[in-house]
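S.K.:
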Amino acid sequence: MLHKIIIKLRQCRQLLVFSFYFLLLTAATAQTSGLIIPSEKPLKPRELEKAWTNPEQFCLLLHFDTNDSTYREADLDLLDSAYNIAFDRDNPRLYTMSIEGYGYANNQELMKSRVESVYRYFTMRGHEAMPVRFAYNPIHCSCHGDTMELIRFEVPTDKQIYDCDSLPPSRLLINKDIQLQGTVLVTFRHDPIECIGGENGCFLPAQDSNIRAYYTQLILKKGSIYAVYNTKDECPPPVELSIDEHLNHQQLVDRYFLVPHRRQIILPVGYVVLHSSFNRKPDECRYLADSIYVRFPVTEEQLEAGLKIFAKRYTAKGSEFKSVATKKIKGGPVLMIQGAINATQFDTIFLAKRIEVDEISKYLYNADSPTEQGAVTIIVKGEERYYKPFRVDGKGQYDYKKNFRALLRIVESDEDDLEPVGNDRFRNDGDEEIE
Numbered sequence: 044m045l046h047k048i049i050i051k052l053r054q055c056r057q058l059l060v061f062s063f064y065f066l067l068l069t070a071a072t073a074q075t076s077g078l079i080i081p082s083e084k085p086l087k088p089r090e091l092e093k094a095w096t097n098p099e100q101f102c103l104l105l106h107f108d109t110n111d112s113t114y115r116e117a118d119l120d121l122l123d124s125a126y127n128i129a130f131d132r133d134n135p136r137l138y139t140m141s142i143e144g145y146g147y148a149n150n151q152e153l154m155k156s157r158v159e160s161v162y163r164y165f166t167m168r169g170h171e172a173m174p175v176r177f178a179y180n181p182i183h184c185s186c187h188g189d190t191m192e193l194i195r196f197e198v199p200t201d202k203q204i205y206d207c208d209s210l211p212p213s214r215l216l217i218n219k220d221i222q223l224q225g226t227v228l229v230t231f232r233h234d235p236i237e238c239i240g241g242e243n244g245c246f247l248p249a250q251d252s253n254i255r256a257y258y259t260q261l262i263l264k265k266g267s268i269y270a271v272y273n274t275k276d277e278c279p280p281p282v283e284l285s286i287d288e289h290l291n292h293q294q295l296v297d298r299y300f301l302v303p304h305r306r307q308i309i310l311p312v313g314y315v316v317l318h319s320s321f322n323r324k325p326d327e328c329r330y331l332a333d334s335i336y337v338r339f340p341v342t343e344e345q346l347e348a349g350l351k352i353f354a355k356r357y358t359a360k361g362s363e364f365k366s367v368a369t370k371k372i373k374g375g376p377v378l379m380i381q382g383a384i385n386a387t388q389f390d391t392i393f394l395a396k397r398i399e400v401d402e403i404s405k406y407l408y409n410a411d412s413p414t415e416q417g418a419v420t421i422i423v424k425g426e427e428r429y430y431k432p433f434r435v436d437g438k439g440q441y442d443y444k445k446n447f448r449a450l451l452r453i454v455e456s457d458e459d460d461l462e463p464v465g466n467d468r469f470r471n472d473g474d475e476e477i478e
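Under the numbering used here, residue 478 is the last one in the sequence shown; the count climbs by one each step, no gaps.
1) Check whether the segment 225-240 and the segment 149-163 are in contact - that is, three or more C-beta pairs closer than 8 Å.
2) What are the boundary residues of the beta strand (DSSP E) that E143 is part of?
3) Helix, strand or coil for K405? Go by DSSP, reduced to three states.
4) Are three or more beta carbon pairs between the segment 421-437 and the segment 366-378 nearer than 8 Å?
5) Measuring CB atoms only, is the segment 119-129 touching the segment 101-111, in the sense that at least three cross pairs come out at less than 8 Å?
6) Could you tell me the distance, in whole angstroms, from the CA atom of R115 to the CA atom of F107?
7) Could you check the C-alpha separation between Q307 and L263 for me, to the nearest Å?
8) Which residues in the same chain as E143 place their Cβ atom closer than 6 Å to its Cβ, once the five residues preceding and following it in sequence are excluded?
9) Based on the DSSP secondary-structure assignment, which residues constitute the bridge partners of K265?
10) Could you check whether L331 and C186 sit closer than 8 Å to each other, using their CB atoms as the reference points?
11) Leaving aside the five residues before and after R232 along the sequence, list all residues of the same chain whose C-beta is less than 7 Å from its C-beta, in chain order.
12) Nearest to E427 by alpha carbon, out of G169, R434, D411 and V435?
13) Roughly how far, in whole angstroms, is the beta-carbon of T387 from the beta-carbon of Y357, given that I think they are within contact range, below 8 Å?
14) Quick check on the DSSP output: the alpha helix (DSSP H) that includes M379 runs from which residue to which?
15) Does the separation of the CB atoms of R295 and F339 fall below 8 Å?
16) Using 8 Å as the cut-off, can you tell me whether the segment 162-173 makes contact with the segment 215-222, which would need three or more C-beta pairs spanning the two stretches below that distance?
17) What does a CB cutoff of less than 7 Å around W95 pick up in its chain, not counting 5 residues either side in sequence?
18) So what does A348 bridge to, in DSSP terms?
19) Which whole-angstrom value is the C-beta distance of P181 and N273, which I expect to be below 8 Å?
20) Does the segment 245-259 touch the segment 205-220, meaning 3 or more C-beta pairs lie closer than 8 Å?
21) Using only the alpha-carbon positions, how far apart do Y430 and K373 sit?
22) According to the neighbour-count rule (16 or more other Cβ atoms, all chains shown, within 10 Å of its Cβ), is Y179 buried or exposed?
23) Start and end of the beta strand (DSSP E) containing P340?
24) Would you say E171 and P199 are within 8 Å of each other, going by their C-beta atoms?
25) Here's a check: name, in chain order, each residue in its chain whose Cβ is nearer than 8 Å to the Cβ of E343, leaving out the five neighbours to either side.
26) How is R168 classed by DSSP in three states: helix, strand or coil?
27) Run the CB neighbour count on T259, radius 10 Å, all protein chains shown included, and call it buried at 16 or more, exposed below.
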């Protein structure tokens, strides 16, 4: 007996659930208001229950008393229910809203008043002049990684009045059997692009780009300077990049200097300065990847001498120039090396070699004083000593030590192997893989 009662209770519960969703779908047929999931075919109770979980689209159908433009008190529960679904902060759907009044030529003003009455309900709920939504929005930022932002946006709302005499019969039905004449239909549609912006994210640069100077190439993937996915934040203006080259070895040695470093001796043989109109501060980003590549043409002698690319690295103790992973580009008519940097390193990039104290004499000549042309000061065993990168031979030509000369870009063709290229932005057109 008890078993039969339990079975009957379960059957009653299932019947109640079925009846609830059935009434939602068929409410308008009985000329009452209701919440509706639009569907081309009738939904089974389980399908309907699933469809009401953060629905992609749903509707609210409201009837009004004759010649009355104010929604009925009995409909407040339905309006509240629709509001609680569409404006719930935890609902991941971002809805637009359309409010449509279906009347006839002789009551267009009445239908307009009814539409405005429903519109005012949604504005008053937010205490704003227009329907406003707050929503939690998951974003991915190249600076801060995965995070959650609370966004505020004006819900895109479209208000329309229709003359039923000018519409085809199919247009006056929803779910094929629910009549729309004399009603106000509110439709909520999930449309994040309409709600939070067409771009739905910011990317600098906006596409894969290749910035070229005479020798240097700066290769940037889309968003390698700054990227935010799935946000309505305003994007910064397009980034402007330029390269200032100092790769002529004779101009460098005339005013020679060491790469700034507190403990190591780093001999430069050229450098470039990368300029960007959008800069990231060293302590601004937690998740900056080394996804910007700088390339230089080199000679066989430079490769064999172990020339590397040095960029400024920032730590809690300050900044120092350190070598980046330097690789030879595989194939191609010109030998090239490549290093990876990030958006905080738009600064000076050196071509250089790190040496030990006991190797100085292999690369530099002794100098008599720090005022000699090109002279540098190096602390050796606690004492200041002076060195210079060249000396002048009897013909007035610069003479370099063999090891230092191998680091310099000295070629018989005087750089005729490269075509000069302007600072235009190019799409990355298939650079060869590196080793």
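The C-beta atom is built at its ideal place from N, Cα and C for all residues, glycine as well.
M.R.: Here's the rundown:
1) Look at the beta carbons and you see the segment 225-240 touching the segment 149-163: at least three pairs across the two are nearer than 8 Å.
2) One-based indexing of the sequence shown puts residue 143 at position 100. Its beta strand (DSSP E) spans residues Y138 to G146.
3) The count along the sequence shown starts at 1 and reaches residue 405 at position 362. Three-state DSSP puts K405 in a helix.
4) In this structure the segment 421-437 does not lie against the segment 366-378, because fewer than three pairs of beta carbons, one per stretch, are closer than 8 Å.
5) Cβ pair count under 8 Å is three or more, so yes.
6) By one-based count along the sequence shown, residue 115 stands at place 72. By one-based count along the sequence shown, residue 107 stands at place 64. Distance between the alpha carbons of R115 and F107: 7 Å.
7) In the sequence shown, counting from the first residue as 1, residue 307 sits at position 264. In the sequence shown, counting from the first residue as 1, residue 263 sits at position 220. Rounded to whole angstroms, the separation of the alpha carbons of L263 and Q307 is 30 Å.
8) To locate residue 143, count along the sequence shown from 1; it is residue 100. Only Q203 and L228 meet the Cβ criterion.
9) Here the question's residue 265 lines up with position 222 in the sequence shown. Paired residue(s): none; K265 is not in a bridge.
10) Mapped onto the sequence shown, residue 186 falls at position 143. Mapped onto the sequence shown, residue 331 falls at position 288. Yes, the pair counts as a contact, with Cβ atoms nearer than the cut-off.
11) Locating residue 232 in the sequence shown gives position 189, counting from the first residue. Sequence-distant partners of R232 (beyond 5 residues in either direction) whose C-beta falls short of 7 Å from its own C-beta, in its chain, are Q100, Y138 and T139.
12) Reading the sequence shown from its first residue, position 384 is the one you call residue 427. Comparing alpha carbon positions, the residue from G169, R434, D411 and V435 closest to E427 is D411.
13) As a first step, residue 387 must be located in the sequence shown, where it is residue number 344. As a first step, residue 357 must be located in the sequence shown, where it is residue number 314. Contact between T387 and Y357 holds, with the beta-carbon distance rounding to 6 Å and staying under 8 Å.
14) Within the sequence shown, the letter at position 336 stands for residue 379. No alpha helix (DSSP H) contains M379, which is instead part of the beta strand (DSSP E) from M379 to I384.
15) By one-based count along the sequence shown, residue 295 stands at place 252. By one-based count along the sequence shown, residue 339 stands at place 296. A small fix is needed here, since residue 295 is Leu in this sequence, not Arg. Taking 8 Å as the Cβ cut-off, L295 and F339 do not qualify as a contacting pair.
16) With a cut-off of 8 Å, the segment 215-222 and the segment 162-173 do not count as touching, because too few Cβ pairs lie within range.
17) Translated into positions along the sequence shown, residue 95 becomes position 52. The residues are I80.
18) By 1-based counting over the sequence shown, the position of residue 348 is 305. Answer is none; A348 lacks a bridge partner.
19) As a first step, residue 181 is located in the sequence shown; it is residue number 138 there, counting from the start. As a first step, residue 273 is located in the sequence shown; it is residue number 230 there, counting from the start. That pair is a contact at about 7 Å.
20) These segments do not touch.
21) For the purposes of this step, residue 430 is identified with residue 387 of the sequence shown, where counting begins at 1. For the purposes of this step, residue 373 is identified with residue 330 of the sequence shown, where counting begins at 1. So the alpha carbons of these two residues sit roughly 37 Å apart.
22) Walking along the sequence shown from the start, residue 179 turns up at place 136. By the 10 Å Cβ count, Y179 comes out exposed.
23) The count along the sequence shown starts at 1 and reaches residue 340 at position 297. Per DSSP, P340 belongs to the beta strand (DSSP E) from I335 to P340.
24) What you label residue 171 is simply residue 128 of the sequence shown in a count that begins at 1. What you label residue 199 is simply residue 156 of the sequence shown in a count that begins at 1. Judged by beta-carbon spacing, P199 lies beyond the 8 Å limit of E171, meaning their Cβ atoms are not closer than that value.
25) Taking the sequence shown and counting its residues from 1, the one referred to as residue 343 is at position 300. Close CB contacts of E343 within its chain, under the 8 Å cut and outside five residues either way in sequence, are with L378 (chain order).
26) For the purposes of this step, residue 168 is taken as residue 125 along the sequence shown, with counting starting at 1. Shown here, R168 sits in a helix according to DSSP, grouped into three states.
27) As a first step, residue 259 must be located in the sequence shown, where it is residue number 216. Counting Cβ neighbours within 10 Å, T259 comes out buried, since at least 16 surround it.
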